[in-house]
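Q: Have a look at the structure that comes next, please.
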Amino acid sequence: MSVDIRHYRDRESAPAATAAPATREDASPGVDLPELPRRRRGSRRSRVLLVHSSDEMYGSDRIVLEVVGELAARDDLDVTVWLPSDVAVGPLGPRLRELGARVERTPLPILRRTRLGPLGLVRLARDAARTALRLSGRHFDLVYCATSACLVVAPVARAMGVRRVVGHLQEPWSDGDRRGLRPLARACTSLVAVSRSVLDSSGLSEDSRAVVVHNGVSDRSIDAIERTEGRVPQYVVASRWNGHKGHATLLTAWNAAGCPGQLVVLGGPPAVGSSVDVPALVAAIVSRPETVTVVGEVDDASPYLRDADAVILPTDTLEGFGLVTLEAFSQGRPVIASRSGGPEEVVDEGRTGWLFDRRDVDGLTSILASMDVVTLAVAGRHAREAYLQRFTPERMRRRIGAVVTRELHTADVDSLAVAS
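Residue numbers (my numbering): 683 to 1102.
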C-alpha cells in the first residue's frame, strides 16, 4: 500500500465530505464523535505531538501516515512527530515531512519485549526522564500516542502539564500486557481502538473514554484484470516475517493441499525483535518449491495484490486489524484469514473471504484445496463493495480528526472553567 499524498494537498479545493452515520463498530456506548467547530481564524494554532514507535512502512506506520495527514492538513493545528532514535532511519519520516509535519528523532520510552529485563527497564526509565525534560519546554496542547507501545509517554505527558492525551490501541493485549498497560492507559483522556477485538482484549470495552475506529486505506483499484477460467489460483501473503505471523502454518497447509496454485511471499524481518527465515521454511516444508516465490521487501504491494486472486493472512496469534485485508478489498481481492480478532470484523465468511481457526493447518488446507479462480473472483467483487461502504481512509480520518477536535475543545472548556 502507498498513501496518496496528493489527497492532502488538494483538500482545500475539494468539497467537504458528508459525514457517514455512526455505526455500532465505530462507537462505544455513550461515546459520540461530533464535528466540533474549529478555532477562530487568527487564534493560536493548537500544538499536537504524535509519538510513534517505529520508522517503517508496515500496518501501524501507514495508519500514522493517515492520521498525520489528517491533522497536518488543518490550518488550526501545528503537528510535530517524535520517532524513536533507537531504530534505523526508515521511509516513514520523509513521508511525514511531505505532509507538513515537523519530524524529530529522540530517545523515547517505547515498550518493547526485548527491553523488559532489568537493564531494559533502567533504559526505559532513563528515556522517560529524557522525554519529560523534552516536553517541559514545548507546551503541547495534546499528545497522541500512536500505538500501545508508546503509552509510557501518556503519564509522562500528563505529569509535565499536557492536559489532553489520546491513546491509539492498534495491537491486542495479552493478560500480561493488561497488567502493565492499563495503568498507563488511565493517563489518556481518550482512547481509540482499531477493532472491537483490540478493545475487548484491553479490558476497556466499557470505558467511556474509548471508541472503536476501524482502519481505512487508500483506494488502489484499477480496471479489473481479465481472469482466465481453468488456470490455477494465485495467492499473496504480505507481512513482517515475525514468528507469530503464521508463515509455517501457511506453508504446511500449502504443501498438504498439493501446492494448489502460485504463492507469492512479500515482507521481511522486522527491524526490532525476532524473525523467521521464510526462504528456509519454504525449502524445508514445500515439496514443490517452484510454486512459491519469495519476493521479500517491496515499496508498494499493490501490483502484487492486483496480480493475485486472493490474499492470505495466516496469523497464529491475535491480530489488531490486519491492514492488508483492506488493501486487498480495495483492489477487489478476497481474503483467507485466521480467526485472529481484527480480521473477523472485516471478512464476511463465504462472501468476502474465508476464515479458519488460528494454527489450524487442516482448516486452511481444506480452504485452499477447494478454491478456483471463479469462486475467488465472485468473492472479490463483494470485497470491493465492502471496502467502499466501510473502509475508506476518509471515513477513518474524519473520525480520528473528530476525536482530536473534541479533546482540544474540551481542553478549552476546562481552561475557561478554571479561569472563571
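Note that the Cβ used here is the ideal one computed from N, Cα and C, for glycine as well.
Between the beta-carbon of Met1078 and the beta-carbon of Glu748, is there less than 8 Å?
A: yes
Q: If we ignore side chains and look at the alpha-carbon of each, how far apart do Arg726 and Ala1084 end up?
A: 19 Å
Q: Does Asp981 have its Cβ less than 8 Å from a Cβ in chain D?
A: Absent from the structure: chain D. Only one protein chain is present.
Q: Leaving out five residues before and five after Arg812 in sequence, what residues of the same chain have Cβ atoms less than 7 Å from its Cβ?
A: Pro789
Q: Would DSSP call Gly802 helix, strand or coil?
A: helix
Q: With a threshold of 6 Å on Cβ separation, who are the neighbours of Ser735 within its own chain once the five nearest residues in sequence on each side are excluded?
A: Correct list, in chain order: Ile792, Thr829, Ala831 and Cys832.
Q: Mind the definition here: the stretch 1028-1047 touches the stretch 853-864 only if three or more C-beta pairs lie below 8 Å; say whether that holds.
A: no
Q: Give the range of the alpha helix (DSSP H) segment to which Leu793 is assigned.
A: Run containing Leu793: none; DSSP gives neither H nor E here.
Q: Tell me where the alpha helix (DSSP H) around Leu873 begins and ends.
A: DSSP places Leu873 outside any alpha helix (DSSP H); the residue lies instead in the beta strand (DSSP E), whose first and last residues are Ser872 to Ala875.
Q: Is the Cβ-Cβ distance between Val848 and Cys827 less than 8 Å?
A: yes
Q: Taking just the CA atoms, how far does Tyr1069 sit from Arg1015?
A: 10 Å
Q: With respect to the beta strand (DSSP E) encompassing Phe1038, which residues constitute its N-terminal and C-terminal limits?
A: Gly1035 to Phe1038
Q: Please name the residue, chosen from Asp901, Leu851, Tyr986 and Ala867, that lies closest to Glu1067 on a Cα-to-Cα basis.
A: Asp901
Q: Counting only runs that start and end within the stretch 971-1005, where is the alpha helix (DSSP H) found for 4 or more residues in a row?
A: The DSSP assignment places 984-989 as complete runs of the alpha helix (DSSP H) inside the stretch 971-1005, in order along the chain (cut-off: 4 residues).
Q: Just to confirm, are Ala938 and Thr1047 a CB contact at a threshold of 8 Å?
A: yes
Q: Can you find at least 3 beta carbon pairs, one from the stretch 941-952 and one from the stretch 757-765, that sit closer than 8 Å?
A: no
Q: So Thr999 and Arg1040 are supposed to be a Cβ contact under 8 Å. How far apart are they, rounded?
A: Confirmed, about 7 Å.
Q: May I have the straight-line CA-CA distance separating Ala783 from Thr1034, to the nearest angstrom?
A: In a straight line, the C-alpha of Ala783 is about 37 Å away from that of Thr1034.
Q: The beta strand (DSSP E) spanning Gln852 covers which residue range?
A: It is not in any beta strand (DSSP E) - Gln852 carries neither H nor E in the DSSP assignment.
Q: Please report the distance separating the alpha-carbon of Ala807 from that of Pro800.
A: The straight-line gap from Cα to Cα measures roughly 11 Å.
Q: If I measure Cβ to Cβ from Ala839 and keep anything under 7 Å in the same chain, skipping five residues before and after, which residues do I get?
A: Leu817, Val825 and Val847
Q: Helix, strand or coil, according to DSSP, for Val838 in the structure here?
A: DSSP, read as helix, strand or coil, puts Val838 in helix.
Q: Quick check: what's the CA-CA separation for Gly928 versus Gly950?
A: 14 Å
Q: What is the rounded straight-line gap between the Cα of Ile1049 and the Cα of Trp1036?
A: 8 Å
Q: Bridge partners for Pro766 per DSSP, in chain order?
A: For Pro766, DSSP records a beta bridge to Thr788.
Q: For Leu1090 and Glu853, what's the separation of their Cα atoms in angstroms?
A: 25 Å
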